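Some notes on the structure that comes next.
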Amino acid sequence: MRMFSWRSFRMWQRNRDVFLRLWHSEAPGTIVEPLIILVAMGLGLGAYVTLTDNQDYIEFIVPGIVCSYAMFSVFGECTYGTFFRMEERKTFDAIIATPLNVEDVIAGEIFWGATRSLMTGSVILVVALAFQQVDSWWTLLVPFLSFYHGVMFASIAVFFTSVAPSFYTFNHVFTLFVTPMFFLSGVFFPLSDFPQVVQNLSWIAPLTPVVHLTRALFEGEFHLIHLVVAGYILLVTIVFFALALFIMRRRLTV
Amino acid sequence: MAIIVTSNLSKKFKDLLAVDNVSLEVEEGECFGLLGPNGAGKTSLIRMITAVSPPLSGSIEVAGMDLASHPRQVKAILGIVPQIDNLDEDLTVLQNLTTFARYFGIPKTVAHTRGCELLQLFHLEEKSSGRIKELSGGMRRLLLIARGLVNQPRIAILDEPTVGLDPQTRHLVWQQLTELKEQGVTRLLCTQNMEEAAVLCDRVAVMHRGRILSLDSPQVLITRHVGETVLEVAVTSANRAKVVRELSTHGIDFLDVGNTVKVLGVNREQLPATLLGTAEELRLRPATLEDVFFRLTGKTLEEDEEE
Ligand SMILES: Nc1ncnc2c1ncn2[C@@H]1O[C@H](COP(=O)(O)OP(=O)(O)OP(=O)(O)O)[C@@H](O)[C@H]1O
Ligand SMILES: [Mg+2]
């Protein structure tokens, strides 16, 4: 596999420029849905939920909502968005004829996806803080964590894109992978309530460790397990990052 | 000195050998033309030279650098106008140029100045802040050419750059390409426009089924394969077979292109009298590259089947 270079920043800049021109048409969408979930689930459903340590239900779900919606924005950008630029617009074909290589273009896409994660994570964090008090200064690190897991989700998303024959593939990616993760990764209820099989599966799905880490930042409590899950995220990132670059080179240089 | 050297270059798509063992040298500063029918392998060859398509076998050297080991350095000195329009529709017209310049590491202010100059050169300055969607087909083409020049390339590689341009605009492009010659820029030009090849190219290669059939200056190609003049005989479906038969029995060289028969190497007086009676219309004209094209690539169906 060939390495990417600092030139991937050029691809990142290109995506940023486009985003800055269009952001106002996308931004409301990013906020409205998590806001509705917070109100409906957190305040509505939360009124019927009693947690063991007297925690408000909304406080329980906020960390998961922050990182899940960061993940959704990455998957939107790096599946439909990347595929559109690649297949419909032929944007990548134009760029790989400049000093940027395929690896630079794809790494740029992934880092841009992670940047979207950072932005979405930060915005929802601010919105969520309207519903709850900050217990820990560690919460300020949530945007950085959003970027960290953003690289992982972007790598996974671009990997799916690299093998996708058409847009329809992504419907399956969302219904079979992204949405189940949202419901089964400990966002809305503790994993310990699930049967053991589901728990094990859930721990492999990369959103679970992310929810755990985010929750730790909100609560300001850390254990060895958090170091382990941070390492797991890194591992998944490296694997899918490499796969994405490798398969994309084969796809784009025919 | 040769600035592009390909050695035994081949490219395969599944079972199809699109480029078959091509070895050619493009001299620095010249305009090198690639002619050939649809599917001849011109674009496939060009895409390998521009490092976006890996060859099956063979090697490419550009400006003394091995392409396989120095793709970035090579791409930095190339200006590429692709056959398939891939302008960035998410950006404005000017942004297309400045963003592209940024891929080459050109500083922002320089990129802006150069972008504006190029837009002016190609009469697009009024569209500068417009969207790509707002451009006409020809304007898109012009912007694509302008984009290929934004890094002031040492070698410009243009794959059918003037398709869909009106005559005036085409001449504007030709003029710009000629000006590049004065700046010492090498040009590799792929075209279906025979006049374009004759006007611009110092040397022309005729490609067919992945192979280079003939390579020389347009004039030499014409004299070698066709001769000085061509006598065009307009035929109808009714008398075509008869005309062709007449010519064959008299051993006269000709090209059968459907509604005309191009008779080579003879003038009107040398035509058999029987034929003069049959033919509707006769016209003697100087031979062109188009005749060379027909001669080299225009095999009839029967000949194809014999192979
Ligand atoms: N990506 C591809 N996958 C499979 N086959 C391809 C691909 N690109 C080109 N080919 C095939 O390779 C052959 C050469 O195509 P190429 O595009 O090089 O022709 P060309 O000389 O540029 O033709 P044109 O004048 O129509 O542009 C054709 O038979 C084409 O079908
Ligand atoms: Mg072509």
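Going down the list, the sequences are from chains W and E.
Quick note: the first sequence, position 219, residue 218 per numbering that gives the first Met the number 0, numbers continuous.
Quick note: the second sequence, position 132, residue 131 per numbering that gives the first Met the number 0, numbers continuous.
Glycine included, each C-beta is placed from N, C-alpha and C at the ideal position.
Quantities reported herein were computed from a predicted structural model and do not represent experimental measurements.
According to the DSSP secondary-structure assignment, valine 203(E) is paired through a beta bridge with Gly32(E), Asp215(E).
Per DSSP, reduced to three states, the secondary structure at alanine 155(E) is strand. DSSP, reduced to helix, strand and coil, places valine 234(E) outside both helices and strands of the structure shown, so it counts as coil. Near ligand 1, residues with a Cβ at less than 5 Å from any of the ligand's heavy atoms are Val253(W), Phe12(E), Ala17(E), Asn37(E), Gly38(E), Ala39(E), Gly40(E), Lys41(E), Thr42(E), Ser43(E); the list follows chain order.
DSSP, read as helix, strand or coil, puts isoleucine 95(W) in coil.
With a cut-off of 8 Å on Cβ pairs, the stretch 159-166 of chain W is not in contact with the stretch 125-145 of chain W, counting fewer than three such pairs. Aspartate 19(E) has its CB no nearer than 7 Å to any heavy atom of ligand 2.
Straight across, the Cα-Cα distance linking phenylalanine 152(W) with glycine 28(W) is about 20 Å.
The beta carbons of cysteine 30(E) and arginine 186(E) sit closer together than 8 Å. At a threshold of 7 Å, aspartate 158(E) counts as near ligand 2, since its beta carbon sits closer than that to one of the ligand's heavy atoms. At least one heavy atom of ligand 2 sits closer than 7 Å to the Cβ of glutamine 82(E). Under the DSSP assignment, glycine 129(E) falls outside any beta strand (DSSP E); it carries neither an H nor an E label. Glycine 264(E) has its alpha-carbon roughly 25 Å from the corresponding atom of alanine 237(E). With respect to the C-alpha of leucine 179(E), the residue from Ile154(E), Leu254(E), Gly163(E) having the closest C-alpha is Ile154(E). Interface criterion not met: the Cβ of threonine 81(W) is under 8 Å from no Cβ in chain E. Distance from the CA atom of leucine 295(E) to the CA atom of valine 260(E), rounded to whole angstroms, is 16 Å. With a threshold of 16 other beta carbon atoms within 10 Å, glycine 250(E) falls short and is exposed. Beta bridge pairing from DSSP links valine 229(E) with Leu263(E), Arg284(E). Nearest CB-CB separation between alanine 110(E) and chain W: not below the 8 Å threshold. DSSP, read as helix, strand or coil, puts valine 31(W) in helix. For arginine 186(E), the enclosing beta strand (DSSP E) has its first and last residue at 185-189. Near chain E, meaning a CB-to-CB distance below 7 Å, the residues of the stretch 73-97 of chain W are Arg88, Lys89, Thr90, Asp92, Ala93, Ile94, Ile95, Ala96, Thr97. Put simply, the CB of arginine 9(W) is near chain E, with a gap under 8 Å to one of its CB atoms. Excluding sequence positions up to five before and after leucine 190(W), its CB lies within less than 6 Å of the CB of Gln198, Ser201, all in the same chain and listed in chain order.
Between the stretch 237-249 of chain W and the stretch 103-111 of chain W, the count of C-beta pairs closer than 8 Å reaches three or more; the two stretches touch. Taking a Cβ-Cβ cut-off of 8 Å, the neighbours of aspartate 87(E) in chain W comprise Arg13, Arg88, Thr90, Ala93, given in sequence order. For glutamate 58(W), there is no enclosing beta strand (DSSP E); the enclosing alpha helix (DSSP H) has its first and last residue at 56-74. Listed along the chain, the chain E residues whose CB falls inside 7 Å of the CB of leucine 99(W) are Tyr102. Counting every other CB atom within 10 Å of its CB across the protein chains shown gives alanine 156(W) a total of 16 or more, marking it as buried. In summary, tryptophan 111(W) is buried, with 16 or more beta-carbon neighbours lying within 10 Å of its beta-carbon over all protein chains present. DSSP, read as helix, strand or coil, puts glycine 57(E) in strand. DSSP, reduced to helix, strand and coil, places threonine 49(W) outside both helices and strands of the structure shown, so it counts as coil. With respect to chain W, the C-beta atom of threonine 49(E) has a partner C-beta closer than 8 Å. Contact annotation for threonine 252(W) against chain E: Val51, Ser52, Pro53 [CB-CB distance below 7 Å, chain order].
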